[in-house]
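Residue numbers 1 to 666, in full-length UniProt numbering, belong to the letters of the sequence shown in order. Cβ coordinates follow ideal geometry from the N, Cα and C atoms, glycine included. Some notes on the structure that comes next.
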Amino acid sequence: MEGRASVVAIPVYISFNLLILFLLVFFSLSLLLRSHYVCVSTGTAHHFSFLLNTSDYRILRMDEDHDRMYVGSKDYILSLDLHDINREPLIIHWPVSPQRKTECGECGNFIRLIEPWNRTHLYVCGTGAYNPVCTYVNRGRKPMEYVFHLEPGKEDSGKGKCPYDPKLNSVSALINGELYAGVYIDFMGTDSAIFRTLGKNAVMRTDQYNSRWLNDPSFVHVHLIPDSNEKNDDKLYFFFREKSSGMGQSPKSQSRIGRICLNDDGGHCCLVNKWSTFLKARLICSVPGADGIETHFDELRDVYIQPTQDTKNPVIYGVFSVSGSVFKGSAVCVYSMADIRMVFNGPFAHKEGPNYQWVAYTGKIPYPRPGTCPGGTFTPNMKSTKDYPDEVINFMRNHPTMYNAVYPVHRRPLVVRTNVDYEFTTITVDQVTAADGNYEVLFLGTDRGSVQKVIVLPRDDLQTEELVLEEVEVFQVRSQQLYVASPVGVTHLALHRCDVYGEACADCCLARDPYCAWDGNSCSRYSASQKRRSRRQDVKYGNPIRQCRGYNSNTNKNTLETVQYGVEGSSTFLECQARSPHAAIKWHLHRDNSDRRRERVLKTDQGLLLRSLQSSDSGIYVCTATEKNFKHTLVKLQLVVLTNQAVNNILVESGRPCILVPHWLQ
């Protein structure tokens, strides 16, 4: 969006140097008058590069009440309009003091926490140049007010809320006026904790410098999941990875799921102001080998919680990578809350001493069972954890880990990538209603700056079929838009991009994209409310012979024949690329007695390369694609090979000099 600037008439007798100076000044001012960001469209995605002296963009909050998206970066907080993403954003500049910047030249206030405080304000925290600081932001009561500014005089310490070092991961959740955070709380990054601050209750944390509780963790996600209809049973789940505790043949790193009760007040004599309900378990994501040895993906990278109609049982999606250096790989595993609760209700891990192995605890479990919330379904008469017997608190301090691990659904990953030059780093899942059922579409961000759109289809024998619908180079889901943050900006793209599949019914059907269906004229967005009879879609099987009956005959008829010229002795490239990555490509030459040699022909994914052309190479070339037993023509062209004499005659007649073809092009 361009800002408006007035135009000033310049006298014609102005000197040249003065004119240049004026243009430079005017150009500089125009940059200031312009919108604070530039939208660059690549045809597949819109990338917003903000004209600010900042970096390290992170999408920290989607505000459904105000239809805003809040982005944090170095020294800046941005508010983008989700109804009109091209509209100029609201911007807050929140740098550190000049004195602090002098002490730490490369430091800045990296925004790491944005939480809704009430209907009019946000609670925001930044690293503050290794001195964490928090404050309140007024966002207005109504979306149309476009209010966005810091509240003066409201700054407070960010210790226990935001990390000192911007390179350290942290997670947070503001619930009932209390802030829960997984964070490092010291300058050196050695004291990690799960903290509770703000609110009327006492500040709480995990046991300090106790590696049995937290062992150099990297926090990934936090989410509130109710355990029952009783609010006192509500638990907050933390997802993180940490150094191995040495259980069994342990790798260097292990992925964890931990939980605490929201109404945990700590112990009375032991664990004072420390969690007395904290438990953790290992998350397994592995591929079983033919020899029985499992390949583990131990590094948890991201988590997405997919809601269901039962709020107590969402579906947990996790992205994992390999911690070793033997090979590069990543996977997506799915977990059920039933399996997670079963592990937390199972045996505790126990170790007699440093030189002993971890075993399942077989002694007497004190009452109430460690990890149980006070005032809940099983402890209605205990209103606080301070009422718990000392033996329960002491047991919790020494046994925070469950012996059994949480395995994914069907005990195998949903998606696996190995021997590739990238890793999955983030995930978002969207549930789509198609003509033949409901499907989960996975959007997987990679470390090379792309997003893969993947659907996994169930089969009758408990096996699955994975389809990569497309991969978009971009450098969570709402209103059918995907938002991606990177160090240099923000990108958004539509979840449905049906035009990339072409206009043919067969291509649209073979795409098997639940967002798209053929409407009789083109591949367009599918809506479950539309009449089934007028839409052609088959996500499960992708059968164009059945779905596009009556339309397939036009597919080959509509293929236009083109003419391509080549020069004898040179090379030429016949381009043909299928829209579907699953199609098999074949070339056909409509000419008899051809003496083409295989060493002169190179078939690639993009087409056919013919080297050292001969007159006998002339003819009709047809490129066909076959998928799901459906065959159709993609390209039909006539190759005409001209002799060098014919080319020279044409150039002489046109009065142009002859052009010799270099040997390295032949």
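Pair within 9 Å by beta-carbon distance, residue i and residue j
i	j	result
residue 113	residue 158	yes
residue 401	residue 283	no
residue 512	residue 539	yes
residue 442	residue 432	no
residue 570	residue 639	no
residue 109	residue 75	yes
residue 236	residue 180	yes
residue 670	residue 624	As shown, the chain starts at 1 and ends at 666. That puts residue 670 outside it, with no answer to give.
residue 122	residue 58	no
residue 360	residue 349	yes
residue 273	residue 193	no
residue 429	residue 317	yes
residue 230	residue 199	no
residue 225	residue 281	no
residue 362	residue 276	no
residue 519	residue 497	no
residue 303	residue 319	yes
Local Cβ density within 10 Å of residue i, reported as buried at 16 or more and exposed below that
i	result
residue 651	exposed
residue 136	buried
residue 266	buried
residue 434	buried
residue 32	At residue 32, the pLDDT of 26 sits below 50, so the modelled position is not reliable; the number obtained from the coordinates is stated separately. Residue 32 is exposed by the Cβ-count criterion.
residue 174	buried
residue 9	Only weak support is given to the placement of residue 9: the predicted model assigns it a pLDDT of 29, under 50, and the question is left unresolved by the model.
residue 296	buried
residue 662	In this predicted model, residue 662 has a pLDDT of only 40, less than 50, meaning its place in the structure is not dependable enough to derive any value.
residue 646	exposed
residue 228	exposed
residue 541	exposed
residue 584	exposed
residue 399	buried
residue 176	exposed
residue 197	buried
residue 620	exposed
residue 606	exposed
residue 154	exposed
residue 664	Low confidence applies here, because residue 664 scores a pLDDT of 35, under 50, leaving its location unreliable; read the following figure in that light. It counts as exposed.
As assigned by DSSP and simplified to three states, the class of residue i
i	result
residue 344	helix
residue 167	coil
residue 507	helix
residue 414	coil
residue 144	helix
residue 60	strand
residue 252	coil
residue 652	helix
residue 515	coil
residue 741	Lying outside 1 to 666, the shown extent of the chain, residue 741 is not represented and no answer is given.
residue 523	strand
residue 499	helix
residue 539	coil
residue 467	strand
residue 201	coil
residue 484	strand
residue 409	helix
residue 647	helix
Residue range of the alpha helix (DSSP H) that includes residue i
i	result
residue 546	544 to 547
Range of the contiguous beta strand (DSSP E) that encloses residue i
i	result
residue 438	437 to 446
residue 433	424 to 434
residue 193	192 to 197
residue 213	First-last for residue 213: undefined, no H or E at that position.
residue 275	Note, residue 275: premise wrong, no beta strand (DSSP E); not H, not E.
residue 453	450 to 458
residue 179	178 to 184
residue 684	Outside the modelled stretch of the chain, which goes from 1 to 666, sits residue 684, for which no answer is possible.
residue 286	286 to 288
residue 135	133 to 138
residue 151	No beta strand (DSSP E) contains residue 151, which DSSP labels as neither H nor E.
residue 295	294 to 296
residue 686	There is no way to answer for residue 686, as the model of the chain reaches only from 1 to 666.
- Those runs of the beta strand (DSSP E) which lie wholly inside the region 570 to 645 and span at least 3 residues: 572 to 575, 584 to 590, 601 to 603, 607 to 610, 619 to 627, 630 to 642
- Query: What runs of the beta strand (DSSP E), each 3 residues or longer, lie entirely inside the region 69 to 123?
  - Reply: 76 to 81, 90 to 93, 111 to 116
- Query: Where are the alpha helix (DSSP H) runs, 4 residues long or more, that stay fully inside the region 314 to 396, in chain order?
  - Reply: 337 to 344
- Would you list, in sequence order, the uninterrupted beta strand (DSSP E) runs of no fewer than 3 residues that lie entirely inside the region 218 to 249? 218 to 225, 235 to 243
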